[in-house]
C-alpha cells in the first residue's frame, strides 16, 4: 500500500484494539470491503425488485405454493444461520489468538455451507424434474436467478473461506491473515442477511400467499 | 475459395456487408501491423510490459485512460459524422437502415461508456491522489484491474464492428427489441458483455476512490479543506457505488433471456419489458450525473485558478454536489413519462427532475461570482469553462422543459430531446473534460498544449456545436423523431438538417485541431519547469511536472483550504521541500501483470458468451478464478524505495 503509516487513520478506538484493524493498511481494506458489500446489497435489491414484480407471472405454470418445499427450505435456513454463528465463533477465536480453534470453526462453517449448497442443488433439481424450469415462466426465471445468485455467492464464499483457511494454517494469525478471515466472515454474514430476506420474501410469503 | 472460408467470411467477418467493413478491416490490419512493427523495431515490447501493462501507478493509469478515451472519442465521432451525413439530405441512401441502427447504437454506447467514463476516470487518477497528498490510491492493484476491465470491455465492444456484427438496438438496448425474438445474432450479446465487463471495473473505481479520499488524506486535510474536484469525486463515487449494480442486473437478466431462454423481459410467459427499462434508468440517470459531476469539479478548480480568487461559496458547492447525487436517484422515470404510470407517479418524477436545477443553478452562480472582479486569464481551460456556462444553462433550461411531464408527451423521443442531452453532455461533460485535460496536461507530461491550435479547436468545436444542435431543437418541434434513418423531402426539414450536418463537420474539424495540437505540442509545447505553470492553488501544483512516481517525498501537513496558494502567499513553500534527513523509506506497491491477464481472461469469457461457445467462456472464467487464487496467496506485493534513491530523484529535480 502506497501510503505513509502515520496519515492513515484506523477505525474507532474500540476496534483499533482488535487485530484485524491494528494495521491501517489492513483497516482500509476492510472499509473497501464494506463499500463493496453495499454494491452487492444493491445487486440483490434489484433482483428482489424483479422477483416481486413478476412473482405472480406464472403463465399457468407452477406457482410458488406448489414448488416450495417447507421442510427443505427450513433445513437450509437452519444450516446457513448456524454457519453464520460458527463463522462468528471463528472471528472470536481469531481475536483471542487461538489458531486451532479458528481453523476448526472455519471448517465447521465450510461444512455447514456445503450442506446448504447441497440441499439447494437438490431442491433445484427436484423443481426441474417437476417441469419447473427457468424457461417456464417469468416467476421461475426470477426465482431461480435470485436464489441461484445467492447460492453461487455462497459457493464462492466456501472456496474463498477454504483458501483463507489454508493461509491461516500456513502463516498463523497475523495482521494480514486476520484481516482476511474478518473479511470473508463479513461476506458470509452478509449472505446470511440476504438469505433472511429470501426466506421471508420468497419462501414464507410464497407459501402463505 | 473453399466453402468453409466463404461461410466464415460471411458469417463472422461480414464480407458481404460492403466497403465500410472492408475499409475497417484494412485499417485495423494496417494499424495492428504498424504497432507491432514499431514496437519490434525499436525493441519496445519490454518497455511496454514493464512501464505500462503492469503498472499500478495512478498517474500512468490515468494517462492510459486518457489515451483510450480520446481514441474512443474519435470512433464515436466518426459514427456521429456517418449519421449526420446520412441525414444531410432527404431520401438519402448513404447508409441503409440496418447500418444506421448499428451506428447510432455504437455512437451512443461508446460516447457514454467508453469515452466519457474513461475520461472522468483519467482525471480521477491524475488529480485525486495529488490533491489530497497521497502516494497512490487506496487499492492500486484494484485500480489496474479497473482500467484493464474497461480496456477489454471497450475492445470487446469495438471488435463487434468487424467480427460478428454490431449491436443495433440503441444505446439503451430496450427489450423486446433487443430480446431473443427480435434481435438474433451476436450484436446485442457484444453490447451486454462489453458493458458488463467494463461496468465491473467502474464499480471498482468507485469503491477505490471513495476509500482513498476517506482514508488517505494528508494530515490536516479535513473534509472541508479538500479541493472541490476531490469533492466532486466523492459525490461521483457514491453515485457509482449505488447506481452501477442496477446496470449489472439489467444486463445480466437480458443476457439470460438471450442465451438461456428465461422470460424476464420477453413478451410471452409473463415477461415484463418495462422492468428492464426501469432497471436500466435507475442506473442510467445517475450515470449522466456520474459523468457531469467531475466536470463540475474541474470547473471549480479552473475558475478559482484563472480568476486568482478562492472559489465563491465553497460550502454551498459541496452541498449542491451531494444534493445532486441524492436527487439523481429519484428522477429515473422521467425517461419514460409516456409509459403510462399515471399522473401521481409522473408528478413525483417531474418535480424531482426540476429540483435538480436548483443545486445546479447554485453552482453556476457560484462560478460566476468567483469570476466577478477576479483577474481572469483566458487560458484554454478557462476558455472552455466560460463556454460551458451559457451552453449548460440552455441545456438545463430545455431539461426543465422536458421534465414537465405533460409537455414531455410532445417532446418525447423527438430531436428536441436529442438536442437537449447533447447540449448537457457536450456542453457539460466534454467541455469539462477538455478543460480538465488542458488544465492537468502539464502536470501529466511536463509541457503545455499549444495555445494557438487550441483556440482554433475551441472556436471550431463551439461554433460547430451550436450550428449542429440548435437546428435540432426546431426539428424536434417540427415533428422529426430520433433514430429515423431517412425522411421524405416534403416535411420542411431539409435546410435545418443540412445546417446541422455542417455543424457536425465543424466539430469534427475542431477535434482534428485537438489532435494536431497534441502532436505539435509534444515537440514544440512550452515546457513546464516550475511544476506550477498556472499559478495554482491546490497541492498537485506544489510538485514537479511530471510528478515522481512516489508523488510526495515527504507527506505535507495541511492547515487551510487552497493549501498551496496559502503557502505561496505566506512565503512558506519551503515547508513542502524536504530536507535530505527527513526522507524516510517510501512504501510502494509492486507492479503486477495479473490485472492485465485477469482482464484478458474476462475478455475471453465474454467473447465465448457472445457466440455462445460455452467451452471458451468456461476457459476464460477458469483463468479468472486462477488469477484470483494466485492473488490470494500473494503476500510480497510491496516494496520500499530507499531514502538515497528519493534524495537522488529530488536533487535531480532541484528540490533539495
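Protein chains in written order, with the working numbering: chain A, 1 to 209; chain B, 1001 to 1656. Here a beta-carbon is modelled for each residue, glycine too, at the ideal position from N, C-alpha and C. The structure presented is a predicted model; accordingly, all values stated were derived computationally and were not measured.
Chain-ordered chain A contacts of residue i [CB-CB under 7 Å]
i                       : result
residue 1270 of chain B : 54, 57, 58, 59, 137, 138, 139
residue 1245 of chain B : 39, 42, 43, 46
Bounding residues of the beta strand (DSSP E) (the contiguous stretch that carries residue i)
i                       : result
residue 1586 of chain B : 1586–1589
residue 1638 of chain B : 1638–1641
Test item: CB-CB of residue i and residue j under 7 Å
i                       : j                       : result
residue 1317 of chain B : residue 1210 of chain B : no
residue 1225 of chain B : residue 1308 of chain B : no
residue 1541 of chain B : residue 1564 of chain B : yes
residue 138 of chain A  : residue 1093 of chain B : no
residue 1603 of chain B : residue 1156 of chain B : yes
residue 1244 of chain B : residue 1282 of chain B : no
residue 1681 of chain B : residue 1129 of chain B : The structure shown does not extend to residue 1681 of chain B, since chain B is modelled only from 1001 to 1656, so the question has no answer here.
residue 1331 of chain B : residue 1349 of chain B : yes
residue 1276 of chain B : residue 1328 of chain B : no
residue 1207 of chain B : residue 1149 of chain B : no
residue 1506 of chain B : residue 1445 of chain B : no
residue 1617 of chain B : residue 1605 of chain B : yes
residue 1387 of chain B : residue 1462 of chain B : yes
residue 1414 of chain B : residue 1481 of chain B : yes
residue 1432 of chain B : residue 1295 of chain B : yes
residue 1164 of chain B : residue 1180 of chain B : no
residue 1439 of chain B : residue 1100 of chain B : no
Neighbour-count burial assignment, residue i, 16 or more Cβ in a 10 Å radius
i                       : result
residue 1097 of chain B : exposed
residue 1641 of chain B : buried
residue 7 of chain A    : Low local confidence applies: a pLDDT of 42 at residue 7 of chain A is under 50, so the model's placement there is unreliable, and no value is given.
residue 206 of chain A  : buried
residue 1196 of chain B : buried
residue 1612 of chain B : exposed
residue 1292 of chain B : buried
residue 1050 of chain B : exposed
residue 1483 of chain B : exposed
residue 1212 of chain B : buried
residue 1493 of chain B : buried
residue 152 of chain A  : exposed
residue 1635 of chain B : exposed
residue 1652 of chain B : exposed
residue 1560 of chain B : exposed
residue 1527 of chain B : exposed
residue 1574 of chain B : exposed
Contacting residues, own chain, Cβ-Cβ under 8 Å from residue i (five flanking each side not counted)
i                       : result
residue 1525 of chain B : 1447, 1448, 1449, 1450
residue 1249 of chain B : 1279
residue 201 of chain A  : 48, 51, 52
residue 1647 of chain B : 1580, 1583, 1656
residue 102 of chain A  : 90, 93, 94, 168, 173, 181
8 Å Cβ cut-off: residues of chain B touching residue i
i                      : result
residue 142 of chain A : 1264
residue 176 of chain A : 1635
residue 163 of chain A : 1629, 1632, 1633
Close Cβ partners of residue i (< 6 Å) along its chain, the five nearest in sequence each way excluded
i                       : result
residue 1039 of chain B : 1045
residue 1095 of chain B : 1086
residue 1072 of chain B : 1110, 1114, 1115
Proximal residues of chain B, C-beta to C-beta of residue i below 9 Å
i                     : result
residue 63 of chain A : Chain B residues near residue 63 of chain A: none, gap ~12 Å exceeds 9 Å.
Partner residues on chain A for residue i, Cβ-Cβ distance less than 8 Å
i                       : result
residue 1249 of chain B : 43, 46, 47, 50
residue 1260 of chain B : 134, 135
Cutoff 7 Å; reference residue i; Cβ partners in own chain excluding five residues on either side
i                       : result
residue 182 of chain A  : 20, 30, 91
residue 1122 of chain B : 1062, 1065, 1066, 1069
residue 1496 of chain B : 1471, 1474, 1475
residue 1426 of chain B : 1465
residue 18 of chain A   : 95
residue 1077 of chain B : 1508, 1511
Range of the contiguous alpha helix (DSSP H) that encloses residue i
i                       : result
residue 1208 of chain B : 1187–1215
residue 1486 of chain B : Note, residue 1486 of chain B: premise wrong, no alpha helix (DSSP H); not H, not E.
residue 188 of chain A  : 175–197
Cross-chain neighbours of residue i in chain A, by beta carbon under 9 Å
i                       : result
residue 1256 of chain B : 134, 141, 145
residue 1113 of chain B : Per Cβ cutoff of 9 Å: no residues; residue 1113 of chain B is ~18 Å from chain A at best.
residue 1279 of chain B : 46, 49, 50
Contacts of residue i in chain B (Cβ-Cβ under 7 Å)
i                     : result
residue 32 of chain A : 1138, 1139, 1207, 1211
residue 35 of chain A : 1207, 1210, 1211, 1241
residue 28 of chain A : 1138, 1211, 1215
Cutoff 7 Å: residue i Cβ touching any chain D Cβ
i                       : result
residue 1203 of chain B : Of the protein chains in this structure, namely A and B, none is chain D.
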